[in-house]
DNA sequence: TATATTTGCATCGTGAACGATATAAATAAC
DNA sequence: GTTATTTATATCGTTCACGATGCAAATATA
């Protein structure tokens, strides 16, 4: 058996699996509030800075607008945000939080710590996390280019 | 702004993004042969050991059978594999490679090295990869439980 | 100013993921 | 041996991802 093709030697399979499992860990916490993980990411972006055009949100999440647009529409239908044409540029759709969308932050305060705690283990500790973040950031930076 | 909710402090967002971008790196290499990344994963599993029941493939990839079944059906339609009822247990569907599915391995020999090279950078080197793998494996192990 | 190009967003189609549910075969319990 | 439970797989519905394409507003060019 060719070593190169072993699942155990694949970085991508590990990232893919870790990402899926960690997203699943968010599921019960977010589902309680009717949120999916990508929707939670949109909220993170809007909590940092409200009233952004679709494009800025997509760029921040490194997603395409054809992924983000339907996502935003579902969130609009849930009453979490509003979408309105930009004043100075009519092509832009400005996405703004509603009161309901803003208030969710307070109701989700425990989520980061809960999920953070769920991954702490032998090799992943407050001391090693910076190194992990650094490697993942480098990979992301390299692949963006 | 609450530090805990910053995108930059989220492990999950990094894993999610790195996974997506790395999968995208596979896309041109696999698409040339009509494959998607999850289909490639199924081939990796079957190249290691041919003629496995659906459940074993799903367990190996840490996916549910309701994800794997349609995936396998598409691959069967492409002539990459066959699905046939198990002899000693009629509930099982045994998945076996066709000649076409087997031959793909030879045509994809360069894929692991090409993608591997695409992620090499400052902090991700042959020396640091074991540490990265170790942390991701620990995270996966922790979240599986 | 008329035309061409770019930009921002949306629509469409396909292929995952995954929760919930269904079905048939195998096994256990009675 | 009949009934109950478990197991292996499949079906269904919803939500992403994302390539391809469309369209209208803004900008650049002629």
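Chains as they are written, first to last, in my numbering: chain X, 1 to 145; chain D, 1001 to 1145. For glycine and all other residues, C-beta sits at the position ideal for the given N, C-alpha and C. Here the structure is a predicted model, which means the values were calculated and not measured.
For residue 37 of chain X, which residues in the same chain have their Cβ closer than 8 angstroms to its Cβ, ignoring the five residues on either side in sequence? Counting from one through the first chain, the residue named residue 37 of chain X turns up at place 37. So the qualifying residues of the chain are 23, 26, 27, 30.
Going by DSSP, what residue range makes up the alpha helix (DSSP H) through residue 29 of chain X? Here the question's residue 29 of chain X lines up with position 29 in the first chain. Unbroken alpha helix (DSSP H) run through residue 29 of chain X: 11-31.
Output yes or no for whether 9 angstroms exceeds the beta carbon distance between residue 1054 of chain D and residue 1105 of chain D. By one-based count along the second chain, residue 1054 of chain D stands at place 54. By one-based count along the second chain, residue 1105 of chain D stands at place 105. Contact flag unset, no.
Give the residues from the stretch 87-115 of chain X that approach chain D closer than 9 angstroms (Cβ to any Cβ), ordered along the chain. 105, 108, 109, 111, 112, 113, 115
Is the CB of residue 211 of chain X under 9 angstroms away from at least one CB in chain D? This structure gives no information on residue 211 of chain X, because the portion of chain X shown stretches from 1 to 145.
So residue 1059 of chain D is in the alpha helix (DSSP H); what residue range does that whole segment cover? Reading the second chain from its first residue, position 59 is the one you call residue 1059 of chain D. Per DSSP, residue 1059 of chain D belongs to the alpha helix (DSSP H) from 1054-1061.
Looking at residue 1098 of chain D and residue 1081 of chain D, is the spacing between their C-beta atoms short of 9 angstroms? Locating residue 1081 of chain D in the second chain gives position 81, where the first residue counts as 1. Locating residue 1098 of chain D in the second chain gives position 98, where the first residue counts as 1. Cβ distance < 9 angstroms, so residue 1081 of chain D and residue 1098 of chain D count as in contact.
Assigned exposure category for residue 84 of chain X - 16 Cβ within 10 Å defines buried: By one-based count along the first chain, residue 84 of chain X stands at place 84. Result: exposed.
Helix, strand or coil for residue 1091 of chain D, going by three-state DSSP, please let me know. For this step, residue 1091 of chain D is matched to residue 91 along the second chain. It is coil, neither helix nor strand.
Shorter than 9 angstroms from the beta carbon of residue 52 of chain X to some beta carbon of chain D? Translated into positions along the first chain, residue 52 of chain X becomes position 52. Judged by the 9 angstroms Cβ criterion, residue 52 of chain X is not in contact with chain D.
Can you pull the chain D residues whose beta carbon is under 7 angstroms from the beta carbon of residue 74 of chain X, in chain order? Taking the first residue of the first chain as 1, we reach residue 74 of chain X at position 74. Going along chain D, no residue has its Cβ under 7 angstroms from residue 74 of chain X, so there is no contact; the nearest lies around 18 angstroms.
Taking Cβ positions only, does residue 1058 of chain D come closer than 9 angstroms to chain X? Residue numbering aside, residue 1058 of chain D sits at position 58 when the second chain is read from its first letter. It does not: the Cβ of residue 1058 of chain D has no partner Cβ on chain X nearer than 9 angstroms.
Are the beta-carbon atoms of residue 1006 of chain D and residue 48 of chain X separated by less than 9 angstroms? Along the second chain, read from residue 1 onward, the residue named residue 1006 of chain D stands at position 6. Along the first chain, read from residue 1 onward, the residue named residue 48 of chain X stands at position 48. In this structure, residue 48 of chain X lies closer than 9 angstroms to residue 1006 of chain D by Cβ.
Please compile the residues from chain X whose C-beta is within a distance smaller than 8 angstroms of the C-beta of residue 1134 of chain D. Counted from its first residue, the second chain places residue 1134 of chain D at position 134. Ordered by position in chain X, the residues that pass the 8 angstroms Cβ test against residue 1134 of chain D are 123.
Nonlocal neighbours in the same chain, by C-beta distance under 7 angstroms from residue 120 of chain X, ignoring five residues either side: Within the first chain, numbered from 1, the residue matching residue 120 of chain X stands at position 120. For residue 120 of chain X, where only same-chain residues beyond five positions count, there are no Cβ hits under 7 angstroms.
Is there a C-beta anywhere in chain D that falls below 9 angstroms from the one on residue 55 of chain X? For this step, residue 55 of chain X is matched to residue 55 along the first chain. It does not: the Cβ of residue 55 of chain X has no partner Cβ on chain D nearer than 9 angstroms.
Near-chain D residues of the stretch 9-32 of chain X - C-beta to any C-beta below 9 angstroms: 9, 10, 11, 12, 13, 14, 15, 16, 17, 18, 19, 20, 21, 22, 23, 24, 25, 26
Closest residue to residue 44 of chain X among X:123, X:4, X:111 (Cα-Cα distance): Taking the first chain and counting its residues from 1, the one referred to as residue 44 of chain X is at position 44. Taking only the C-alpha atoms, the option nearest residue 44 of chain X is X:111.
Starting from the C-beta of residue 58 of chain X, find all residues in its chain whose C-beta is less than 8 angstroms away, skip the five residues before and the five after it, and write them out in chain order. By 1-based counting over the first chain, the position of residue 58 of chain X is 58. Same-chain partners within the cutoff: 64, 65, 67, 68.
Neighbourhood of residue 1101 of chain D by C-beta distance below 6 angstroms, restricted to the same chain and skipping five residues each side: Here the question's residue 1101 of chain D lines up with position 101 in the second chain. Hits under 6 angstroms: 1080, 1081.
Taking the alpha-carbon positions, what's the residue 1061 of chain D to residue 1050 of chain D distance? By 1-based counting over the second chain, the position of residue 1061 of chain D is 61. By 1-based counting over the second chain, the position of residue 1050 of chain D is 50. Each residue's alpha carbon lies about 15 angstroms from the other.
Using a C-beta cutoff of 9 angstroms, does residue 1129 of chain D count as contacting chain X? Position 129 of the second chain, counted from the first residue, corresponds to residue 1129 of chain D. Yes - at least one Cβ of chain X is within 9 angstroms of the one on residue 1129 of chain D.
If contacts are defined as beta-carbon pairs under 8 angstroms, then residue 1118 of chain D and residue 11 of chain X qualify, I think. What distance do you get, rounded to the angstrom? Working through the second chain from its first residue, we reach residue 1118 of chain D at position 118. Working through the first chain from its first residue, we reach residue 11 of chain X at position 11. That belief does not hold up - the Cβ atoms of residue 1118 of chain D and residue 11 of chain X are roughly 10 angstroms apart, past 8 angstroms.
Hey, could you find the ends of the beta strand (DSSP E) residue 1084 of chain D is sitting in? On the second chain, position 84 is the one that residue 1084 of chain D refers to. Its beta strand (DSSP E) spans residues 1081-1085.
Can you tell me the Cα-Cα spacing of residue 20 of chain X and residue 1041 of chain D, whole angstroms? Counting from 1 along the first chain, the entry for residue 20 of chain X is found at position 20. Counting from 1 along the second chain, the entry for residue 1041 of chain D is found at position 41. Distance between the alpha carbons of residue 20 of chain X and residue 1041 of chain D: 15 angstroms.
Within 8 angstroms: the Cβ of residue 1064 of chain D and any heavy atom of the ligand MN? Among the components modelled here there is no ligand, and therefore nothing to report on the ligand MN.
Which residues DSSP lists as bridging residue 96 of chain X, in chain order: In the first chain, the residue the question calls residue 96 of chain X occupies position 96. Paired residue(s): X:82.
Taking its Cβ as the centre, do 16 or more other Cβ atoms sit within 10 Å of residue 90 of chain X, making it buried, or is it exposed? Taking the first residue of the first chain as 1, we reach residue 90 of chain X at position 90. By the 10 Å Cβ count, residue 90 of chain X comes out exposed.
Backbone secondary structure at residue 137 of chain X - three-state DSSP: Counting from one through the first chain, the residue named residue 137 of chain X turns up at place 137. Three-state DSSP puts residue 137 of chain X in a helix.
By Cβ distance, which residues of its chain are closer than 6 angstroms to residue 208 of chain X, with the 5 residues on each side in sequence left out? The first residue shown for chain X is 1 and the last is 145, placing residue 208 of chain X beyond what the model contains.
Residue 114 of chain X: first and last residue of the uninterrupted alpha helix (DSSP H) it sits in: The sequence position of residue 114 of chain X within the first chain is 114, counting from 1. Per DSSP, residue 114 of chain X belongs to the alpha helix (DSSP H) from 111-119.
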